[in-house]
Amino acid sequence: MSTDTSASPSPLALTPVGCTNFKLRQLTRRVTQHYDQHLAGSGLKITQYSLLAHVDKLGPVAPGELARRMDMGASTLTRNLQPLVAAGWLEMGEGTDARSRLVHITEAGRETRRQAQRRWKAAQLALNDKLGVATVAALHGLLDQGLAAFHEGDDHED
Numbered sequence: 096m097s098t099d100t101s102a103s104p105s106p107l108a109l110t111p112v113g114c115t116n117f118k119l120r121q122l123t124r125r126v127t128q129h130y131d132q133h134l135a136g137s138g139l140k141i142t143q144y145s146l147l148a149h150v151d152k153l154g155p156v157a158p159g160e161l162a163r164r165m166d167m168g169a170s171t172l173t174r175n176l177q178p179l180v181a182a183g184w185l186e187m188g189e190g191t192d193a194r195s196r197l198v199h200i201t202e203a204g205r206e207t208r209r210q211a212q213r214r215w216k217a218a219q220l221a222l223n224d225k226l227g228v229a230t231v232a233a234l235h236g237l238l239d240q241g242l243a244a245f246h247e248g249d250d251h252e253d
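For the sequence shown, this note's numbering assigns the number 96 to the initial residue and increments by one for each residue that follows.
Structure follows, in structure tokens:
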């Protein structure tokens, strides 16, 4: 029996088994639950925290640009913005012309994000411990590579 580990893996070993979408959704659900558990005391879910963080980082931003930067559909973004606007953490303001709008973070939103950021950091560190830092870094690389492949040929004006 050969124990040569330098040989290339067989093509069968590299063949995906099962549905990639299902596996990604399973992992995404578990990771979302992990972050939501850590953020529970802040009053935010991870999706809301991400939205606040993006608006805070990007400054006043048009909803279309925010959706593009977060890689989500416009209707999903609108749905996700509503509770944050209702809570007073985000505001919809006038844009550069009468037809455009800009999303702004309020001071209350900044404070909520600052308080939640400590919980987010704890969630991130706990995930790194659970999966291993090397696995998380490799996962980030694979996800970035996959997203880039889906964005090839996108028609965005930059």
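Beta carbons: idealized from backbone N, C-alpha and C, even for Gly.
Inside the region 116-169, DSSP marks no whole beta strand (DSSP E) run of 3 or more residues. Excluding residues up to 5 positions away in sequence, D131 lie with their Cβ nearer than 6 angstroms to the Cβ of K140 in the same chain. If you draw a straight line from the Cα of L109 to the Cα of Q128, it is about 30 angstroms long.
Contact between T142 and N175 is confirmed by a C-beta separation of about 6 angstroms, below the 8 angstroms threshold.
Taking E202 as the centre and dropping the five residues before and after it, the same chain places no C-beta closer than 7 angstroms to its C-beta.
Taking C-beta atoms as the reference points, L179 and H199 fail to come closer than 8 angstroms. 8 angstroms or more divides the Cβ of S145 from the Cβ of A211. R196 carries a strand assignment under DSSP once its states are collapsed to helix, strand and coil.
In this structure, the straight-line span from the alpha carbon of R125 to that of D192 is close to 43 angstroms.
Within its own chain, the residues whose Cβ lies closer than 8 angstroms to the Cβ of V150, once the five positions on either side in sequence are excluded, are V156, L161, L185, V198, H199, I200, G204, listed in chain order. With contacts defined as CB atoms closer than 8 angstroms, V231 and L242 fail to qualify as a contacting pair.
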